[in-house]
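Single-structure report; data block below.
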Amino acid sequence: MLRASREANLYGDFRTVFGKKVKDFPLTASKLRKIEYAAKRTTAGAFKIYDLFLRLEKPLNPGINSDHPIEVRKQLFNLRELVLFQKICATNEGAEVLRDAISVLAGHGVMEEFSALPRIFRDVVVNEQWEGPRNLLLTQIYRDLHRVADWYAPTDFVHTLLTGASQETIEQFSNQLEDLLQRPVLGEVNEASMKAAEEWDTFCDSFFKAYQEVALAEIEK
27 MLRASREANL YGDFRTVFGK KVKDFPLTAS KLRKIEYAAK RTTAGAFKIY
77 DLFLRLEKPL NPGINSDHPI EVRKQLFNLR ELVLFQKICA TNEGAEVLRD
127 AISVLAGHGV MEEFSALPRI FRDVVVNEQW EGPRNLLLTQ IYRDLHRVAD
177 WYAPTDFVHT LLTGASQETI EQFSNQLEDL LQRPVLGEVN EASMKAAEEW
227 DTFCDSFFKA YQEVALAEIE K
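To get the working numbering, take the position in the sequence shown, counting from 1, and add 26.
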């Protein structure tokens with residue numbers, strides 16, 4: 027995303043159309059701002075996750091159960107879920123960001139001999155499916171939260187990951203998560219389960235973006 031933002035901004039400053047630089051058109055300027063913000067937010071979130079990994083100073087456990095103290099188990103669980111959130115959300119948004127960046131370059135944007143963006147776009151699409159496609163990881167997160175509910179309440183999970191966000195935001199996501207964990211997200215296929223599944227997908231995107239926004243705010247203080 028950072029590469030896409032940099033190339034799109036440089037091209038927008040270089041290329042002129044109708045007597046103006048591409049970046050000076052409101053349609054392009056708004057798109058460039060959106061791309062840059064997504065890149066910064068995603069990068070901040072990734073480093074916040076890595077910081078948690080370094081602070082734990084423990085190898086990643088292949089499963090949830092361990093003999094660590096409860097607070098350490100919670101932090102290890104946070105790390106486990108954050109890695110899954112990062113995978114599905116960053117790659118999904120990455121494809122959107124790359125498409126927007128390519129559109130700034132117009133026809134040149136799809137030429138691999140002109141820009142690295144087409145190759146990066148192809149890599150993003152592959153990465154989104156490799157080592158766990160979106161639906162699989164969304165299912166894993168949902169199952170994990172159910173499995174730890176007896177020692178890690180959903181509200182505590184949300185509060186811990188969104189520490190620094192507004193109380194309104196924390197309460198909103200806490201209520202949504204508690205509700206969704208009671209819904210038939212993994213039930214038999216019917217209208218109710220499909221609606222719940224769609225809402226779970228949307229929730230995960232919104233929740234992780236809120237986490238990224240907290241991370242970005244910490245850096246920009």
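All residues carry an ideal CB built from backbone N, CA and C; glycine is no exception.
Bear in mind the structure is a predicted one, so any value in this text is a computation, not a measurement.
- Task: For K47, name the three-state secondary structure that DSSP assigns.
- Result: Note: K47 maps to strand in three-state DSSP.
- Query: If you drop the 5 nearest sequence neighbours on each side, which residues of the same chain put their C-beta closer than 7 Å to that of L29?
  - Reply: Per the sequence shown, the amino acid found at residue 29 is Arg instead of Leu. Answer for R29: A142, I146, listed in chain order.
- Query: Mind checking K49: buried by the 16 CB within 10 Å criterion, or exposed?
  - Reply: In the assembly as shown, K49 is a buried residue. Its beta-carbon has 16 or more other beta-carbons within 10 Å.
- Spatial distance of N161 from R106 (CA atoms): Cα to Cα, N161 sits roughly 17 Å from R106.
- Do F199 and F234 come within 7 Å of each other at the CB atom, strictly closer than that value? Contact: no.
- Task: Note down, one range per segment and in chain order, each alpha helix (DSSP H) of at least 4 residues found wholly within the region 66 to 148.
- Result: If only complete runs of 4 or more residues are kept, the region 66 to 148 shows the alpha helix (DSSP H) at 96 to 131, in order along the chain.
- Counting only the same chain and skipping the five closest in sequence on each side, list residues whose C-beta sits under 7 Å from that of V151. Residues of the same chain with a CB within less than 7 Å of the CB of V151, apart from the 5 flanking positions on each side, are A121 in chain order.
- Query: Among the residues of its own chain, which have a CB less than 8 Å from the CB of I75, if the five just before and after it don't count?
  - Reply: Listed in chain order, the non-local C-beta contacts of I75 below 8 Å within the same chain comprise L105, L108, V109, Q112, local neighbours out to five positions each way being set aside.
- Given that a residue counts as buried once 16 or more other Cβ atoms are within 10 Å of its Cβ, and exposed if not, what is R148? Around the CB of R148, fewer than 16 other CB atoms lie within 10 Å, so the residue is classed as exposed.
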